[in-house]
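Below is one structure; the comments refer to it alone.
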Amino acid sequence: MSTVSSPTAHPRPGAPASPARTAPTGSGTSAGTPGVRPLRTRTGFRLTFLVPGAVALLLGLDAALGLLGLPQLLGPFLGLDRLPEVHGPLMVLGFVGTLIALERAVALGLPWGYASPAVSGLAALAIVAPLPLAAGQGLLVLAQVLALLVYRQLLARQPAAAVTVQALGAVAALGAAVLWAGGVPVPALIPWLVTFLVLTIFGERLELARTEVLSPAASRAALGIALALLGSAVVSLLAPEPGFTLTGLSLLAVAGWLAAKDVARRTVRAGGLPRFIAACLLAGYAWLAVGGAVWALGGAVTSGRGYDAVLHAVMLGFVISMIMAHAPVIFPAVLRRPLPYRPVMYAPAALLHASLLLRVAVGDARDLEGVVQVGGVLNIVAVLAFVAVAAWSVLTAPRARRVRGTAPATAGARP
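Residue numbers for the sequence shown follow this note's numbering, so the first one is 2 and each next one is one higher.
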């Protein structure tokens, strides 16, 4: 997912350029009021926007149990009967969408930008609450409109290809929200939801690839691939068979571009955090290629084991792996609290990929429901385990660093 640069990371398009907005993290000052930080820069303020996203994650994972044919732990107890029905939009637009909206608001550095994560979080809660579903869907549409306004401002600040690619992803998110509100079933929306997530991540990796003196031709190719992916989502709605095939081919193109140009190819040979990030990235690119291949060869796969395989290859293998990779950089930059890298972070990451391999290569490939269920439960355990490790890492960080609120010293750590 798109990330805010930490104080020691590479600068990025759309990052605040004004000195008034780029005081060192933890400087404790704001323009015009020495010693007092603006409210929007305080950890507590930003943390409030993550709470709905965290709730969306927990409820989305609970819904996954129901979709696996297993007893849910939260939904029935809380009286949330439609969790399985809204699982996809809840996880993509409610959970990941809120995280991305908050990161973009921090990058923008303007108070009005926080309306986007605020509405996104409210929408996530509304679509699961015992309210008319249309209310939550309407809020989701509004959240995507606000996100596009943020990208418009970022593009005006610096019209770079990387930000353009991410903005195209936001267009896909808006399209998905509008179509879902209009009654289009979730399986038909998957290319739109995938496009949103993939282009957001692709844009971020494109920016970091610029540190390698990326050629203009490579940048143009990336932008062309992004446009093709968005276009394929449109085609998938009008003509599913060729549309899904084009989406698959576009995903393969994204995976190929990243495999060829991403700096993770080299930093995986480093140590510590750089190697962890690179390992998660490269594994994620492999899963993206798997999802792309299923659609490219199988066309409109919208049900059955093939649907389970392609959906979770992209959403878990690619997207969640990206979140794990960037968590030690994203959260310190957004929340002004360090999340130090710990070698134990490899454990949930390895479990995620191993359990997904079990689910897809054995369960889905051989139509073994029990194996799919075991793999699915282990997928959930891996995600929750990483959250637990991340929380432990924050809470056990040296107190002086947490009070100062600086990001970890990871210069060059972001492959």
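Cβ coordinates follow ideal geometry from the N, Cα and C atoms, glycine included.
From a predicted model like this one, the values you see are computed outputs, not experimental measurements.
Backbone secondary structure at residue i - three-state DSSP
i	result
Thr-201	helix
Leu-51	helix
Gly-70	coil
Leu-123	helix
Tyr-347	helix
Leu-340	coil
Gln-154	helix
Ala-227	helix
Leu-396	helix
Leu-259	helix
Asp-368	coil
Gln-1	No answer is possible for residue 1: it lies beyond the span of the chain, which begins at 2 and ends at 416.
Arg-270	coil
Gly-170	helix
Thr-303	coil
Leu-132	coil
Val-185	coil
Leu-215	coil
Ala-240	coil
Arg-276	helix
Arg-206	helix
Arg-43	coil
Val-146	helix
Val-384	helix
Val-363	helix
Val-378	helix
Val-264	coil
Residues near residue i in its chain [Cβ-Cβ closer than 6 Å; skip 5 each side]
i	result
Trp-1	In this structure the chain extends from 2 to 416, so residue 1 is not present and cannot be described.
Ala-260	Tyr-286
Phe-227	A small correction: the amino acid at residue 227 is Ala; Phe does not occupy that position in the sequence shown. Val-166, Leu-169, Leu-200, listed in sequence order.
Leu-94	Leu-141
Leu-282	Ala-265, Ala-326
Ala-102	Ser-117, Pro-118, Ser-121, Ala-148
Phe-387	Met-325, Pro-349
Leu-250	Ala-297
Val-235	none
Val-97	none
Leu-198	Val-320
Leu-79	none
Leu-69	Gln-374, Gly-377
Phe-203	Val-166, Val-255
Gly-176	Trp-193
Own chain residues within Cβ distance below 8 Å of residue i, not counting five before or after
i	result
Glu-242	Gly-300, Ala-301
Ala-135	Ala-182
Leu-336	Thr-44, Arg-47, Leu-48, Leu-51
Ser-304	Pro-188
Gly-307	Val-295, Gly-299, Asp-365
Own chain, CB closer than 7 Å to residue i, minus 5 neighbours either side, in chain order
i	result
Ala-65	His-88, Gly-377, Ile-381
Ala-280	Val-269
Val-390	Arg-343, Val-345, Met-346, Pro-349
Ser-394	Leu-340, Pro-341, Arg-343
Ala-106	Gly-114, Tyr-115, Ser-117, Pro-118, Val-151
Val-363	Leu-369, Val-372
Gly-67	Gln-73, Gly-76, Leu-84, Pro-85
Leu-290	This sequence places Ala at residue 290; Leu is not what is there. So the list reads Leu-253, Ala-256, once near-sequence residues are dropped.
Near the ligand PLP: residue i beta-carbon under 7 Å from a heavy atom
i	result
Pro-131	For the ligand PLP, the structure offers nothing, since it holds no ligand at all.
Practice item. Indicate whether the contact test is met: 3 or more Cβ pairs, each with one atom in the stretch 324-335 and one in the stretch 346-355, closer than 8 Å. Key: yes
Review point. Between the stretch 260-267 and the stretch 305-313, do at least 3 Cβ pairs fall closer than 8 Å?
Key: no
Check your understanding: How about the stretch 128-137 and the stretch 159-172: do they share at least three Cβ pairs that are nearer than 8 Å?
Key -> no
**Study point:** Complete runs of the beta strand (DSSP E) confined to the stretch 68-116 [at least 3 residues]
**Key:** none
Point to revise | Validate contact between the stretch 213-224 and the stretch 183-194 using beta carbons, cut 8 Å, 3 pairs | key: no
**Study point:** Cβ contact check for the stretch 85-99 and the stretch 51-70: 3 or more pairs under 8 Å
**Key:** yes
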